[in-house]
């Protein structure tokens with residue numbers, strides 16, 4: 001190869017020197033060859049001379065960028081590539097090279113953008129997909145990375161790295177079957193890949209296929225006997241069935257790697273030693289594990305158990321178990337074992353105390369001890385006198401109980417009853433005081449919004465007094481704030497059973513809870529019960545109206561809001577509620593009527609934001625964009641951080657084709673609070689600005705923030721559809737429908753995407769579901785008709801076109817399609833009639849457009 005390059009350089013030298021053919025091409029060619037043999041200075045001279053002779057000779061720029069890369073001058077190489085792309089926007093290799101430089105510089109975003117451009121120009125470049133996937137991984141955009149790895153595998157089945165990375169992601173996500181499939185594909189191509197085989201074995205173990213797992217791990221050990229991890233996992237599988245073999249594997253693993261990374265090998269070997277009752281070895285391994293990692297709870301607990309049950313060293317056992325609890329306060333076994341250790345320790349203390357008592361019998365007894373001795377000797381009068389002296393000094397429940405027992409022995413039953421009553425009274429007072437001690441911190445924590453801690457304090461109060469209504473009620477409020485609605489409902493139910501006095505408060509709060517979770521029927525029932533007790537409470541009547549509104553009983557809702565306003569004509573929420581009902585109540589001029597109510601509320605209080613915003617929405621719906629924009633602006637003057645106003649004004653700006661203003665408003669809203677809805681809306685604005693990259697980035701951010709937000713998936717799918725990436729579009733439509741199964745738009749669009757993928761049966765199923773959900777969409781019938789025509793079912797297609805025309809008459813395109821299917825059924829005269837009607841409609845449309853243009857020009 002070197003000889004061939006030298007020969008070519010000699011030929012070019014002759015042409016340049018002897019024949020005087022000093023052309024940019026010859027210089028560029030010689031510069032490229034000189035670079036290959038390491039003569040970088042001469043190469044640079046030739047390339048710069050070539051560029052000087054022909055400033056737009058792109059090959060010379062390309063070769064010079066390669067030279068700069070060899071010299072480590074990445075930014076100069078970037079300049080050359082930027083020039084190439086400026087002159088030739090379809091230079092795929094330049095985009096790819098620029099992406100590689102950005103990748104090396106650590107700019108994952110710019111690298112991904114350039115790989116995307118390279119793929120657009122060369123869709124079969126598997127390496128570009130693979131590299132872009134790596135960049136997506138760096139940006140933590142895992143879904144996009146997985147898509148690219150899948151495409152890489154399809155384009156280049158021998159690209160094992162892509163299959164391995166896809167499999168690893170599935171493994172980490174716990175998708176064991178998918179991981180096994182990926183690793184199996186990889187092993188079919190590279191059967192000696194120990195790493196892939198070990199991961200497949202681990203995945204098989206997770207599914208309970210231990211025989212297959214052991215087989216894979218054993219083969220992996222054969223191919224790579226220096227990997228401690230494989231020995232560790234095989235040892236874990238063999239731990240119960242073959243403990244001796246497991247010991248061998250874990251010992252080998254520790255021999256290969258005795259560092260922090262392999263700490264679990266010590267822990268598992270310790271467990272095996274403990275099961276074999278080899279306590280010194282077990283203690284040694286657990287202590288080694290703790291030395292490497294002090295946070296490993298398993299080792300602390302096992303050490304505690306061994307110290308307690310085998311060595312009877314309860315102090316050390318408690319110390320170890322306390323360490324485990326400190327690391328993981330939710331580890332139940334540690335609490336149980338520590339309790340057992342405490343029991344053993346207390347028993348030992350009791351033995352020592354008895355021993356001490358026997359040694360010190362000469363020491364004076366306390367009054368209670370004296371009373372006990374007198375009672376034992378049958379001298380009840382002296383015992384009662386001793387206890388009375390003790391009660392005068394300290395009147396506590398245990399002394400009254402003891403006095404009652406002695407009185408019973410003395411046959412003084414009436415006196416004993418009095419003493420027992422006194423003991424009960426003191427105990428009740430004690431319990432109530434303890435309950436209050438728990439209630440007060442709970443109430444304080446509720447006020448400072450530490451709802452989780454407040455609920456714990458109130459639970460302690462309930463554990464002491466199961467009939468404490470206040471504790472149940474306040475805990476329900478905490479659960480409601482924590483959005484643990486099921487627990488809150490349980491507590492409200494307990495309060496109702498315990499105390500009818502709190503029934504009104506419970507019903508009001510429970511109705512609001514039902515309303516919050518969307519259970520409007522139960523919310524209405526509770527609110528109606530409140531209304532029976534308080535028929536003049538406007539807030540209760542207002543809540544009834546809102547429930548009726550959500551249940552679509554519009555007339556009942558209006559009646560309720562009217563009743564609230566009859567009681568209190570200055571109740572703003574009632575005007576707002578009635579206006580909202582009129583917005584949804586489809587009658588003539590319903591929006592205008594709703595605006596009257598919003599206007600009345602604003603006349604009473606110009607700073608009432610909900611009415612201001614709803615007035616703006618009403619104007620926007622009717623197409624009064626300028627007026628709506630003004631109302632949103634007034635709302636922002638009242639509250640500069642009103643996200644609803646910023647979002648609404650952004651949408652109005654977009655409807656008025658002012659995309660820059662829309663982007664400015666939505667950016668301001670996102671600065672205040674980042675939500676999936678705002679990012680999705682910004683993505684739509686980017687799309688209107690033809691900024692596809694940023695649109696997709698916003699949709700992905702929305703998905704990352706709220707993985708169940710279906711609209712983000714739907715918009716991302718539409719974007720993929722526009723780019724004709726139908727496979728990805730289908731994936732995202734599936735996701736959108738997973739979280740909102742009744743989204744007819746997603747169903748319809750998925751049907752169209754399936755047509756493009758030739759999945760006609762699947763597309764037909766989607767169109768059928770779309771029509772079942774919303775039977776008034778002409779486009780759904782039209783597209784189903786097109787599909788049926790493709791499938792040769794012309795009669796059914798004609799029927800669908802007919803329904804589409806009923807829903808949307810005078811549609812020329814639908815008429816043409818119906819004419820086509822009639823022609824296919826040999827009904828030529830009817831087909832001609834449809835064609836003529838379609839042509840007439842189109843002609844009328846053209847004439848209207850021309851007249852409009854003439855009127856505009858004359859104006």
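Residue numbers (full-length UniProt numbering): 1 to 859. We treat Cβ as the ideally placed atom computed from N, Cα and C, and that holds for glycine.
Counting along the chain, the unbroken alpha helix (DSSP H) around residue 198 starts and ends at 194-206.
Here residue 527 carries a helix assignment [DSSP, helix/strand/coil]. In the structure shown, residue 517 adopts coil according to DSSP, grouped into three states.
A distance below 6 Å between beta-carbons, with the five flanking residues on each side excluded, links residue 117 to the following residues of its chain, in chain order: 95. Measuring C-alpha to C-alpha distances from residue 739 to each of 576, 218, 514, 711 identifies 711 as the nearest. The alpha-carbon of residue 630 is positioned some 52 Å away from that of residue 172.
Under the three-state reduction of DSSP output, residue 158 falls in the coil class, being neither helix nor strand.
Here DSSP, grouped into helix, strand and coil, assigns residue 724 to coil. Segment contact: the region 124-135 against the region 700-718, fewer than three CB-CB distances shorter than 8 Å; contact not assigned. One Cα belongs to residue 160, the other to residue 185, and the distance between them is close to 9 Å. Judged by beta-carbon spacing, residue 574 lies within the 8 Å limit of residue 565, meaning their Cβ atoms are closer than that value. Within a 10 Å sphere around the beta-carbon of residue 641 sit fewer than 16 other beta-carbons, which makes this residue exposed. Close CB contacts of residue 728 within its chain, under the 7 Å cut and outside five residues either way in sequence, are with 147, 720 (chain order). Excluding residues up to 5 positions away in sequence, 678, 679, 682 lie with their Cβ nearer than 8 Å to the Cβ of residue 670 in the same chain.
Here the alpha carbons of residue 510 and residue 490 stand approximately 10 Å from one another. Within 10 angstroms of the beta-carbon of residue 290 lie 16 or more other beta-carbons, which makes it buried. Here residue 463 is exposed. Its C-beta has fewer than 16 other C-beta atoms within 10 Å. By a beta-carbon distance limit of 8 Å, residue 547 contacts residue 524. Their separation comes to about 4 Å. Here DSSP, grouped into helix, strand and coil, assigns residue 811 to coil. Residue 478 carries a helical assignment under DSSP once its states are collapsed to helix, strand and coil. Excluding five sequence positions before and after residue 422, the CB atoms of its chain that fall closer than 6 Å to its own CB belong to 400, given in chain order. Per DSSP, reduced to three states, the secondary structure at residue 660 is helical. Considering only 806, 451, 801, the residue with the shortest C-alpha distance to residue 831 is 801. Per DSSP, the continuous alpha helix (DSSP H) segment holding residue 135 begins and ends at 126-138. The C-beta separation of residue 781 from residue 746 comes to about 18 Å, leaving the pair out of contact by the 8 Å criterion.
Residue environment for residue 701: buried (at least 16 other C-beta atoms within 10 angstroms of its C-beta).
In this chain, the alpha helix (DSSP H) harbouring residue 749 covers 744-756. Between residue 688 and residue 646 a beta carbon distance of about 17 Å is seen, past the 8 Å cut, so the two are scored as non-contacting. At a Cβ-Cβ threshold of 8 Å, residue 407 and residue 384 count as neighbours. Close CB contacts of residue 226 within its chain, under the 8 Å cut and outside five residues either way in sequence, are with 256 (chain order).
Assignment of residue 54 by DSSP, reduced to helix, strand and coil, places it in the coil class. Inter-residue distance for residue 283 and residue 181 is about 41 Å (C-alpha atoms, whole angstroms). Contact between residue 760 and residue 787 holds, with the beta-carbon distance rounding to 6 Å and staying under 8 Å. Look at residue 504 here: in three-state DSSP terms it is helix.
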